[in-house]
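Contents: one structure, followed by commentary.
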Amino acid sequence: MQASGGRTYRDVQRVQGPILVVERVADVAYGERVEVLCADGTRRRGSVLDISDRRAVVQVFEGGTGLSLRGTQVRFLGEPLRFTVSRELLGRVLNGAGEPLDGCPKPFGGVTRGIYGSAINPVMRDYPMDVIETGVSVIDGMNTLVRGQKLPIFSGNGLPHNDLAAQIARQARIRGTDESFAVVFAAMGIKNDDAAFFREELERTGALENATMFINLASDPAEERLVTPRYALTLAEHLAFDHGYHVLVILTDMTNYCESLREMTSARGEVPSRKGYPGYLYSDLAEIYERCGRVRGAKGSITQIPILTMPNDDITHPIPDLTGYITEGQIVLDRELHQKGVYPPINPLPSLSRIMKDAIGGTRTREDHPNTANQLYSSYSAVGGIRSLAAIVGADELTAADRAHLEFGDAFEREFIAQPRDLRRTVEETLDLAWRTLGLLPRESLHRVSEKQIEERYARREKAEENR
Amino acid sequence: MSLQEDIAVVTRVNGPVVTASGMGRACLGDQVEVGNEKLTGEIITLEHDVATIQVYEDTIGLKPGEPVVSRGEPLSAVLGPGLLKGIYDGIQRPLEKLREQSGVFLGRGLNVPAIDPDSTWDYEPALKPGARVAGNTILGRVQETALVKHAIMVPPGIEGELVWAAEAGNRRAGDPVARVATPAGEREVTMIQRWPIRRPRPVSRRLPPRVPMLTGQRVIDFFFPVARGGAAAIPGGFGTGKTVTQHQLAKWSDVDIIVYIGCGERGNEMTQVLEEFPALKDPRSGRPLMERTLLIANTSNMPVTAREASIYTGITMAEYYRDMGLHVAVMADSTSRWAEALREISGRLEQMPAEEGYPAYLASRVGEVYERAGRVEVVEPAGGAVREGSLTMVGAVSPPGGDFSEPVVTHTKRFVRAFWGLDRDLASARHFPSIHWNTSYSEYDVSAWYAERAELPWSELRRRATDLLKEDDRLQNIVKLIGPDALPDRQRVVLETARMIKEAFLQQGAFSAVDSYCPIEKQLGMMDVILSFHDGAQKALASGRPVFEIMSAPVVERIFRMKEEVGADQAADRLAQLKKQVSDSLAD
Ligand SMILES: Nc1ncnc2c1ncn2[C@@H]1O[C@H](COP(=O)(O)OP(=O)(O)OP(=O)(O)O)[C@@H](O)[C@H]1O
Ligand SMILES: [Mg+2]
Numbered sequence: 018m019q020a021s022g023g024r025t026y027r028d029v030q031r032v033q034g035p036i037l038v039v040e041r042v043a044d045v046a047y048g049e050r051v052e053v054l055c056a057d058g059t060r061r062r063g064s065v066l067d068i069s070d071r072r073a074v075v076q077v078f079e080g081g082t083g084l085s086l087r088g089t090q091v092r093f094l095g096e097p098l099r100f101t102v103s104r105e106l107l108g109r110v111l112n113g114a115g116e117p118l119d120g121c122p123k124p125f126g127g128v129t130r131g132i133y134g135s136a137i138n139p140v141m142r143d144y145p146m147d148v149i150e151t152g153v154s155v156i157d158g159m160n161t162l163v164r165g166q167k168l169p170i171f172s173g174n175g176l177p178h179n180d181l182a183a184q185i186a187r188q189a190r191i192r193g194t195d196e197s198f199a200v201v202f203a204a205m206g207i208k209n210d211d212a213a214f215f216r217e218e219l220e221r222t223g224a225l226e227n228a229t230m231f232i233n234l235a236s237d238p239a240e241e242r243l244v245t246p247r248y249a250l251t252l253a254e255h256l257a258f259d260h261g262y263h264v265l266v267i268l269t270d271m272t273n274y275c276e277s278l279r280e281m282t283s284a285r286g287e288v289p290s291r292k293g294y295p296g297y298l299y300s301d302l303a304e305i306y307e308r309c310g311r312v313r314g315a316k317g318s319i320t321q322i323p324i325l326t327m328p329n330d331d332i333t334h335p336i337p338d339l340t341g342y343i344t345e346g347q348i349v350l351d352r353e354l355h356q357k358g359v360y361p362p363i364n365p366l367p368s369l370s371r372i373m374k375d376a377i378g379g380t381r382t383r384e385d386h387p388n389t390a391n392q393l394y395s396s397y398s399a400v401g402g403i404r405s406l407a408a409i410v411g412a413d414e415l416t417a418a419d420r421a422h423l424e425f426g427d428a429f430e431r432e433f434i435a436q437p438r439d440l441r442r443t444v445e446e447t448l449d450l451a452w453r454t455l456g457l458l459p460r461e462s463l464h465r466v467s468e469k470q471i472e473e474r475y476a477r478r479e480k481a482e483e484n485r
Numbered sequence: 126m127s128l129q130e131d132i133a134v135v136t137r138v139n140g141p142v143v144t145a146s147g148m149g150r151a152c153l154g155d156q157v158e159v160g161n162e163k164l165t166g167e168i169i170t171l172e173h174d175v176a177t178i179q180v181y182e183d184t185i186g187l188k189p190g191e192p193v194v195s196r197g198e199p200l201s202a203v204l205g206p207g208l209l210k211g212i213y214d215g216i217q218r219p220l221e222k223l224r225e226q227s228g229v230f231l232g233r234g235l236n237v238p239a240i241d242p243d244s245t246w247d248y249e250p251a252l253k254p255g256a257r258v259a260g261n262t263i264l265g266r267v268q269e270t271a272l273v274k275h276a277i278m279v280p281p282g283i284e285g286e287l288v289w290a291a292e293a294g295n296r297r298a299g300d301p302v303a304r305v306a307t308p309a310g311e312r313e314v315t316m317i318q319r320w321p322i323r324r325p326r327p328v329s330r331r332l333p334p335r336v337p338m339l340t341g342q343r344v345i346d347f348f349f350p351v352a353r354g355g356a357a358a359i360p361g362g363f364g365t366g367k368t369v370t371q372h373q374l375a376k377w378s379d380v381d382i383i384v385y386i387g388c389g390e391r392g393n394e395m396t397q398v399l400e401e402f403p404a405l406k407d408p409r410s411g412r413p414l415m416e417r418t419l420l421i422a423n424t425s426n427m428p429v430t431a432r433e434a435s436i437y438t439g440i441t442m443a444e445y446y447r448d449m450g451l452h453v454a455v456m457a458d459s460t461s462r463w464a465e466a467l468r469e470i471s472g473r474l475e476q477m478p479a480e481e482g483y484p485a486y487l488a489s490r491v492g493e494v495y496e497r498a499g500r501v502e503v504v505e506p507a508g509g510a511v512r513e514g515s516l517t518m519v520g521a522v523s524p525p526g527g528d529f530s531e532p533v534v535t536h537t538k539r540f541v542r543a544f545w546g547l548d549r550d551l552a553s554a555r556h557f558p559s560i561h562w563n564t565s566y567s568e569y570d571v572s573a574w575y576a577e578r579a580e581l582p583w584s585e586l587r588r589r590a591t592d593l594l595k596e597d598d599r600l601q602n603i604v605k606l607i608g609p610d611a612l613p614d615r616q617r618v619v620l621e622t623a624r625m626i627k628e629a630f631l632q633q634g635a636f637s638a639v640d641s642y643c644p645i646e647k648q649l650g651m652m653d654v655i656l657s658f659h660d661g662a663q664k665a666l667a668s669g670r671p672v673f674e675i676m677s678a679p680v681v682e683r684i685f686r687m688k689e690e691v692g693a694d695q696a697a698d699r700l701a702q703l704k705k706q707v708s709d710s711l712a713d
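These protein sequence lines are chains D and A, in that order.
Here the first sequence is numbered in our numbering, starting from 18 and rising by one per residue.
Here the second sequence is numbered in our numbering, starting from 126 and rising by one per residue.
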């Protein structure tokens, strides 16, 4: 599609929410970029959602409020939404549609790409294998993050997901190297102070010069959120696959993104599916989350950490649910642990890293890593039931093994899950700590680890002293 | 083949759904080329001369007024030697070839046939001129991979006398290997045929599914078997183990051909198969598993319309191998994404939705897909020779919120007879496979096969194990309230045996070198050991041994570790020894 300078039409027939219908248009393409000139001289941006031989349906990023049918002009720009990307964008702060917010001019040069990207040919992918050491025990030990993985954080309002994401961005290293990541940060509809928090974090640690921030705040146009992650990922793909950067993409908050999508589709009168979200929410999210990974012949990689807040902490809500169906696992924050004062309040049981199995163990991390992680899962999953039983019959009525599990559960939460915000534990330290907590359990109850591993690493510990 | 005289143009573009006028001569279901970039599409409704077209590629940039050309035939799969080891998108474009044209990212408007007509094969004829032939008559054979001898068959619909047959030798796939005199004139047959993906290939006779498809997975083979030619569903919330289970089945099932359809799922999961399968050996033949495998990858970010087609493309290829007299298993991961594709397209057509926005025809489409499974007999007209083939269909279902009462699960249940329900709590505790014994079932009766083939009495062992799990389930409700100590000793032994069944038998690590594949003799031997523990323990109790002593007997540890300690070789003997050890130690 060639840029033809733009054709302007004035026959606006309908404005509803962010949707605008223009009649008697010609030569307009599906997905074409649009500029809306308002009666007061201001401009808005948009793109074509539906085009027939007479009529174009346009979504306007800044919404339709304030647009009149008369004075509005719509200019079709003869090209799809595109973004000129270059490594000069590192160190920059942009708005949700890739325009500079930091007062500096747009960089010269670069390559121009459609923001919707194209699917990676599955035969061109390389399976992610390199462990990222985040220094956070529950992640490294039980839900290992791998370079090229998409691993979201499922959180709730008021839980410390920002701290955790910032800690990961700050501490993440490829195991055994000093290599850090270029960070692409995309904010969608978040609060000003949350955005400021990330910016300060990146500045404080000197990571900002190796980072690009795309900022769409809660007060910014809601429809713009629908393109923000796409601008961010267009840059990430360029950095990773053209320049060999290892890129960590943080997308926050995907819940706001999905709500904007719902608003737009309901304004179009589309048939809704669960909770009013469009039936294609899965495919739409997949177009974002699948822009991730490693490809053959390129040195770089894209690792994604999307953050979303679960409405009412409900993991079956369509947003976390569909996300979990697409991503390669999830890190789930838990309100109860948070209230107990445990940071990071990651509940390992619903959390998962699907890629870790091929990336850990042996010489990659440590020989006992897979089994030890499994043992922690198995033992900790028994704790909940025993706690409920203890609440009914009293701890004294429990079997010795059950009492040991209670001790283990407490120690596991306080010693293993919890850790100071600035502490970086190595994988070895994490695994040693795991065995220390497993020491509170009788050895006969450890079936997930081999007898040899028990011989080498297990030491019975009678009581978790510090918790009495 | 295109109908040049039609001057059809695009009149509307709404995502993947395009409307075109001037389509009076096209037929419903025809394949079309849309726009200047010649995007592939299919006509899904026709009214006067206006066609609605689903386009299998991204439509960004497409404009009203661009041309539309019908290819004059329905969307079809290309069938012939060279399909195996391949990976295709939902409309059977070979992804390896696309990569040569468009690199890392998938381009648009690329048209590459699934089989290169210039590829050559060593052809051995099977019939001489003069023979009577009909659809599926085997004309000759080529060695497609070291594992698979590929039968070149007469395409269904052609019937008559063989008037010319190619001699043995190296031949191009696109060249004729036979000529058949039919009432409508002479027809040439090459090694390549085409078949419309939405139409089942004809079957002469269906046979009842009675032979188990052995998968090497204990919870499936022992408790909830699927028969060759049967259909099974694996429903489960995200991360509960659908894909790993299907990968396991694709690796270890005792069938000749695997068709694995990645339908709207992750790119990396397909990469994993591509990297892993060539390195893994088939436990029966010792050859790389890839030699019997064919992959379709239409990942979640690839066009949703091609996702809808991917299931049919895969099944059509599977039916073709079935007709050769092979046993084929189709894994579809996930049928929910296919159903959602139906929903999305129907929404864009502004059709009246039924439940949860799905179109009213969802149930019938689900039925049509599973009904293409079957154990069939193919009869040759020539000598009347008969061969048996089967197509086993295993579909993953991804219900929203893991709730099995949603439309795709409930409709699927009507058409499958093995149901492997995955459980979120088991998955959280890393009890894998997290197929729950209470929600799963199998209605395939394979007991006659076991009675004939297996040394140990499968039906009896299975009945006893099932009863113990049921009793355990009832007791667990009491334990939750009063703790295990309050139960009588006899029942505590039941709890312990049930724990053994769950942990030592049902749990099976897909990534374990020893336990990933468990042959049937080992499965039966293991259960025999566990039940002999139960019998021995009850006897020991009756003779006054205290329960704690029984449970802490050293042999208990051996039972919990037997799946890893006893390899596949001589498993039956070694487990028989362990059984003796168990009885002896409890009888002391
Ligand atoms: N048999 C098994 N042995 C060991 N681990 C397993 C097994 N089955 C599942 N898992 C674990 O569970 C994880 C999730 O499994 P899987 O990817 O198959 O889930 P899924 O049901 O396909 O999820 P989704 O619907 O999101 O695709 C795997 O990455 C693996 O860690
Ligand atoms: Mg899966």
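Glycine is no exception: its CB is placed at the ideal position from the N, C-alpha and C atoms.
Rounded straight-line distance, which links the Cα of residue j to that of residue i
i	j	result
R190 of chain D	E150 of chain D	5 angstroms
Q616 of chain A	D381 of chain A	46 angstroms
V163 of chain D	G389 of chain A	23 angstroms
V328 of chain A	W320 of chain A	14 angstroms
S459 of chain A	I178 of chain A	24 angstroms
P145 of chain D	E394 of chain A	11 angstroms
E585 of chain A	I684 of chain A	20 angstroms
N426 of chain A	V203 of chain A	25 angstroms
T622 of chain A	D653 of chain A	12 angstroms
S127 of chain A	R150 of chain A	Per-residue confidence for S127 of chain A stands at a pLDDT of 44, beneath the threshold of 50, marking its modelled position as unreliable; the derived number appears in the next sentence. Their Cα atoms are separated by approximately 11 angstroms.
V312 of chain D	S318 of chain D	8 angstroms
heavy atom of ligand 1 below 7 angstroms from residue i C-beta
i	result
S227 of chain A	no
Q633 of chain A	yes
V369 of chain A	yes
G341 of chain D	yes
Endpoints, the alpha helix (DSSP H) within which residue i is located
i	result
C275 of chain D	271 to 284
I607 of chain A	583 to 607
Element boundaries [beta strand (DSSP E), containing residue i]
i	result
H536 of chain A	Careful: H536 of chain A lies outside any beta strand (DSSP E), inside the alpha helix (DSSP H) at 532 to 538.
W289 of chain A	285 to 290
L108 of chain A	This structure does not reach residue 108 of chain A, given that chain A is present from 126 up to 713, and the question cannot be answered.
M230 of chain D	228 to 234
Residue i beta carbon near ligand 2 (any heavy atom closer than 7 angstroms)
i	result
E390 of chain A	yes
D709 of chain A	no
D375 of chain D	no
D338 of chain D	no
D660 of chain A	no
Interface positions of the segment 128 to 140 of chain D facing chain A (Cβ-Cβ less than 8 angstroms), listed along the chain: G131, Y133, G134, S135, A136, I137, N138, P139, V140
Return the residues of the segment 219 to 248 of chain A that lie within a Cβ-Cβ distance of less than 9 angstroms from chain D, sorted by chain order. L220, E221, L223, R224, S227, G228, V229, F230, L231, G232, R233
Pull out every residue of the segment 41 to 73 of chain D whose Cβ sits closer than 7 angstroms to any Cβ of chain A, in chain order. D44, V45, A46, Y47, G48, D67, I68, S69, D70
Contact set between the segment 282 to 303 of chain D and chain A, restricted to residues whose Cβ is under 9 angstroms from the partner: E287, V288, P289, S290, R291, P295, G296, Y297, Y299, S300, L302, A303
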